[in-house]
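Structure first, commentary second.
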Amino acid sequence: MLSVIIPTFNSSTHLQDLLPVLVPAAVDGLVREVMAADEGSTDPTLMICDDAGVEVVTDGIASAMKRAKQDWILLLPPEIRLTHDWAERVARGIKQGRSAGLKGQSDGGWLIDRLKPSPWGLLVRKSELGNLAPNADLAGLRRQFGRLATLK
C-alpha cells in the first residue's frame, strides 16, 4: 500500500527515533517498504538501516522513488516526530486519493512553531511524480507539488 522513503545523511540519531514509530503501521499492512535515500553517511546510519531491514539507495531520492514498489510514497525527513495518529491520517489521505503534506509533531506552542517549524513529510501517488530530476530533494518536491492540503 505505501512505500516510506527517508532521505538520510548522518541521520543515525533521528532514525533510532523514527523507525520504531513505523513498525505498527507495517504490522497493520499500511507500510510495505521502507527505504533510505542516503547521501554518503559516515555515522552509524547505514548500520541502523541494515539492522532494521531498511533498503538503502545511494543514488538519490528520485532513484528511490522510481524503485519504490508501492503506488503511494510517503517521504519523511529523518528528524520528523510523527504524531500518534499519523498512520490513520495517511490511510485517509490514500483513501481520498490525494497528495498531501504530513506535519510532524510540534516542539511547543505556536511561537516555537513559528520560530522553528516542525518538519513536514509528503504523501504522493507514484504516478504523479513524472520525470524527477536526479538531484531532487524533499524541499524541492514539496515546492513542485505546490500548496498541498494537510493530512487531518
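Count along the sequence shown starting at 1, add 18, and that's the number in our numbering.
The beta-carbon is built from N, C-alpha and C at its ideal position, and this holds for glycine as well.
Predicted model, so just to flag it, every value in this text is computed and none were measured.
P25 has A55 as its beta-bridge partners, per DSSP. Per DSSP, reduced to three states, the secondary structure at L48 is coil, with no helix or strand assignment. By the criterion of at least three beta-carbon pairs nearer than 8 Å, the stretch 54–65 is not in contact with the stretch 106–126. Following the DSSP letters along the chain, one finds G71 in no alpha helix (DSSP H), marked with neither H nor E. Burial of V22 is indicated by the presence of at least 16 other C-beta atoms within 10 angstroms of its C-beta. For K121, the enclosing beta strand (DSSP E) begins and ends at A118 to K121. A straight-line Cα-Cα distance of about 5 Å links I98 and P137. Between the alpha carbons of L37 and D56 lies a gap of roughly 15 Å. Counting only the Cα atoms, G71 lies some 16 Å from S29.
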